[in-house]
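For the sequence shown, the working numbering begins at 62 and goes up steadily by one. All residues carry an ideal CB built from backbone N, CA and C; glycine is no exception. Here's the structure we're looking at; comments come further down.
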Amino acid sequence: MDEADVEMEYAEAYGARVPKVGLGTWQLTGESCYETVSTALELGYRHVDTAQLYENETEVGRAIDDADVDRDEVFLTTKLSPRNAGYDDALASTKESLDRLDTAYVDLLLLHWPNPLVSVSETAAAMDRLVEMGLVYNAGVSNFPQVFLDRARSAAETPLVTNQVQFHPYKPQRGMLGYCQSEGMLLTAYSPLARGKVLDDEDVQRLAEKYDRTPAQVALRWATQHRGVVVIPKSASEEHLRENLALFDFKLTRDEVDTLTKPSLLKSGAAMLDGMVSELR
Numbered sequence: 062m063d064e065a066d067v068e069m070e071y072a073e074a075y076g077a078r079v080p081k082v083g084l085g086t087w088q089l090t091g092e093s094c095y096e097t098v099s100t101a102l103e104l105g106y107r108h109v110d111t112a113q114l115y116e117n118e119t120e121v122g123r124a125i126d127d128a129d130v131d132r133d134e135v136f137l138t139t140k141l142s143p144r145n146a147g148y149d150d151a152l153a154s155t156k157e158s159l160d161r162l163d164t165a166y167v168d169l170l171l172l173h174w175p176n177p178l179v180s181v182s183e184t185a186a187a188m189d190r191l192v193e194m195g196l197v198y199n200a201g202v203s204n205f206p207q208v209f210l211d212r213a214r215s216a217a218e219t220p221l222v223t224n225q226v227q228f229h230p231y232k233p234q235r236g237m238l239g240y241c242q243s244e245g246m247l248l249t250a251y252s253p254l255a256r257g258k259v260l261d262d263e264d265v266q267r268l269a270e271k272y273d274r275t276p277a278q279v280a281l282r283w284a285t286q287h288r289g290v291v292v293i294p295k296s297a298s299e300e301h302l303r304e305n306l307a308l309f310d311f312k313l314t315r316d317e318v319d320t321l322t323k324p325s326l327l328k329s330g331a332a333m334l335d336g337m338v339s340e341l342r
């Protein structure tokens with residue numbers, strides 16, 4: 062599979078055009094990260110997500126630089142650590158991220174988590190300045206409840222393109238999704254497979270058999286059929302990378318989407334806890 066073979070859908074917000082399937086790189090480090098990003102780009106991925114907290118920006122940047130792909134063809138996202146939410150720290154750490162990524166700009170900069178000790182207006186002002194300087198093309202946030210998202214949007218002159226949150230059949234984020242859709246924002250879904258918990262779901266498996274797809278493809282298709290939703294599944298397996306990209310030549314019915322939408326505090330909480338514990342190690 063190469064770029065010519067990849068059928069891709071895009072989501073758009075405030076002038077940003079984002080491939081609906083990207084590569085998440087959380088927990089990918091060192092040469093494993095470099096090889097995974099390199100393979101993904103060879104397969105046709107054109108959307109890569111990293112973060113300061115992931116400690117892999119150098120490897121991500123090296124893979125993009127070494128790939129037979131022009132930099133402007135890749136939608137690259139990184140995220141500010143909450144400890145860098147202050148104005149000066151946001152400016153300085155973003156420049157350090159650009160150095161590690163070996164790129165003149167990132168397509169999207171997010172604040173990874175709200176920082177209750179720093180006014181969001183400071184971060185917003187720094188993001189506005191970075192956009193003005195041409196170092197960042199688009200701004201957004203991650204893991205923001207609606208009340209914090211409202212504050213961030215009010216503080217920023219630059220439109221916030223997305224809120225990156227956990228989103229999967231067990232956590233369909235109806236309130237946040239509706240908010241983003243009504244405001245013209247994107248919702249970027251991390252852990253779209255609920256850290257693998259959704260793959261054993263009986264309805265997911267039944268539809269995978271019906272469409273001759275994997276359970277992962279069914280769950281990712283469920284997500285990408287929602288208006289304004291982008292997914293960034295992580296995988297180090299070439300086979301899974303291929304599968305995660307091959308979503309747009311089949312479509313679930315509305316009834317099937319509704320059947321798969323089954324909010325579960327227990328299952329979504331377990332997936333979130335797994336992620337938070339691992340990320341903070």
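Length of the line joining the Cα atoms of residue i and residue j
i	j	result
residue 292	residue 105	15 Å
residue 122	residue 160	9 Å
residue 73	residue 264	30 Å
residue 82	residue 282	10 Å
residue 95	residue 127	10 Å
residue 270	residue 156	48 Å
residue 313	residue 279	8 Å
residue 340	residue 203	Its pLDDT being 47, under 50, residue 340 is placed unreliably by the model, and the measurement read from it follows with that caveat. Looking at the two C-alpha atoms, the distance is approximately 14 Å.
residue 294	residue 180	31 Å
residue 206	residue 129	39 Å
residue 274	residue 298	17 Å
residue 230	residue 248	14 Å
residue 300	residue 189	40 Å
residue 7	residue 137	As displayed, the chain neither begins before 62 nor continues past 342, which places residue 7 out of reach and without an answer.
residue 199	residue 192	7 Å
residue 208	residue 178	16 Å
residue 324	residue 235	10 Å
residue 112	residue 227	16 Å
For residue i, the three-state DSSP class (helix, strand or coil)
i	result
residue 208	helix
residue 287	coil
residue 222	strand
residue 276	helix
residue 126	helix
residue 84	strand
residue 215	helix
residue 201	strand
residue 259	helix
residue 265	helix
residue 312	coil
Cβ neighbour criterion (16 or more within 10 Å) applied to residue i
i	result
residue 342	Because residue 342 sits at a pLDDT of 33, beneath the cut-off of 50, its placement in the model cannot be relied upon, and the following sentence gives the value as read from the coordinates. Exposed.
residue 286	buried
residue 338	Confidence at residue 338 is low in this model, with a pLDDT of 49, below 50, so the placement of that residue is unreliable and no value is reported for it.
residue 357	Given a span of 62 to 342 for the chain in the structure shown, any question on residue 357 remains unanswerable.
residue 62	Below a pLDDT of 50, predicted positions are generally treated as unreliable, and residue 62, at 43, falls in that range; no measurement from the model is reported.
Strand pairing of residue i, partner residues [DSSP]
i	result
residue 249	225 and 291
residue 71	80
residue 98	Per DSSP, none; premise fails for residue 98.
Identify every run of the beta strand (DSSP E) within the segment 137-197, keeping only runs that are complete inside it and at least 3 residues long; order them along the chain. Correct list: 169-172.
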